[in-house]
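Structure record follows, encoded as C-alpha cells.
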Amino acid sequence: METLNQNWQTASEIELIYKTKVKNSERPQIKSSKDAYKLALSAWDYNKIEFFEQFKVLFMNQAHKVLGIYEISSGGITGTIVDPRLIFSAALKANATSLIMIHNHPSGNLAASEADKQITQKVKEAGRLLEIILLDSLIITTESYYSFAD
Numbered sequence: 001m002e003t004l005n006q007n008w009q010t011a012s013e014i015e016l017i018y019k020t021k022v023k024n025s026e027r028p029q030i031k032s033s034k035d036a037y038k039l040a041l042s043a044w045d046y047n048k049i050e051f052f053e054q055f056k057v058l059f060m061n062q063a064h065k066v067l068g069i070y071e072i073s074s075g076g077i078t079g080t081i082v083d084p085r086l087i088f089s090a091a092l093k094a095n096a097t098s099l100i101m102i103h104n105h106p107s108g109n110l111a112a113s114e115a116d117k118q119i120t121q122k123v124k125e126a127g128r129l130l131e132i133i134l135l136d137s138l139i140i141t142t143e144s145y146y147s148f149a150d
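In terms of the UniProt record's numbering, the sequence shown has 2 at position 2, counting the first letter as 1, and numbering is strictly consecutive.
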C-alpha cells in the first residue's frame, strides 16, 4: 500500500484580499442606477469597453456605500462567463449586504440578452438565500446604460 500525503486533509483556499485605506465617510454612496453607471464608467478601462465584454460587481454595505468593485470575468466580443459562486465568495469576503452587477456590451446595443436575464435571475435567487441583495444589473456603454431595476 502506498503512503498517502497527509495534506489531503487540509481544505484548499483561494485568497481574495480586501484591504481598504478609505474611511466610510469617504466612500461613494449609490442612490440610483445613474450613480452606479457613473461610478462604473470611472472604474472601467475606456480602451476595453468597446473591445471585449467584461463583467464586474459593485459591492455595498447596508448604507449603500461602495466597498469595492471586483472584476468577475473578461470574455470575448459577444460574451463572458459569469459564475455566481465567484460573485458571492467575493461578496462574503467584502462583507457586502448588497451588490450591483455591471457588464458592457461592446456592440453598443443595450438590449438585454437571454443570458443576461438568466444570470440576473440566478444571482437574485442566490442572494436571497445569503441575504445579499441584488439591487440592479446594468448593461453599459460609453454613452448610456440599461438598468434591470429601472
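Beta carbons are placed, not taken as given, at the ideal position from N, Cα and C, and that holds for glycine.
Please report the Cβ distance between Ser89 and Leu135, rounded to the nearest whole angstrom; I am assuming they are in contact, meaning their Cβ atoms lie under 8 Å. The residue you call residue 89 lines up with position 89 of the sequence shown. The residue you call residue 135 lines up with position 135 of the sequence shown. Between Leu135 and Ser89 the Cβ distance is about 19 Å, and since that is not below 8 Å, they are no contact.
Mind checking whether Pro84 and Val123 have CB atoms under 7 Å apart? Position 84 of the sequence shown, counted from the start, is the residue given in the question as residue 84. Position 123 of the sequence shown, counted from the start, is the residue given in the question as residue 123. Contact: yes.
Coil, strand or helix - Gln6 by DSSP: Counted from its first residue, the sequence shown places residue 6 at position 6. Helix, per DSSP.
By the three-class DSSP mapping on this structure, what secondary structure does Lys38 have? Mapped onto the sequence shown, residue 38 falls at position 38. Note: Lys38 maps to helix in three-state DSSP.
In terms of alpha-carbon separation, which member of Val82, Leu67 and Val66 lies closest to Ser73? Here residue 73 corresponds to residue number 73 of the sequence shown, with the count starting at 1. Comparing Cα positions, the closest option is Val82.
Other residues of its chain near Met60: CB distance less than 8 Å, five sequence neighbours each side excluded: Within the sequence shown, residue 60 is the residue found at index 60, counting from 1. Ile30, Val66, Leu67, Ala96, Thr97, Ser98, Leu99, Ile100 and Leu135, listed in sequence order.
Could you check which residue in Ser107, Tyr37 and Gly79 has the C-alpha nearest to that of Ile69? In the sequence shown, residue 69 corresponds to position 69, counting from 1. Minimum Cα distance to Ile69 is reached at Tyr37.
The alpha helix (DSSP H) spanning Phe148 covers which residue range? Taking the first residue of the sequence shown as 1, we reach residue 148 at position 148. Unbroken run through Phe148: none, as it is neither H nor E.
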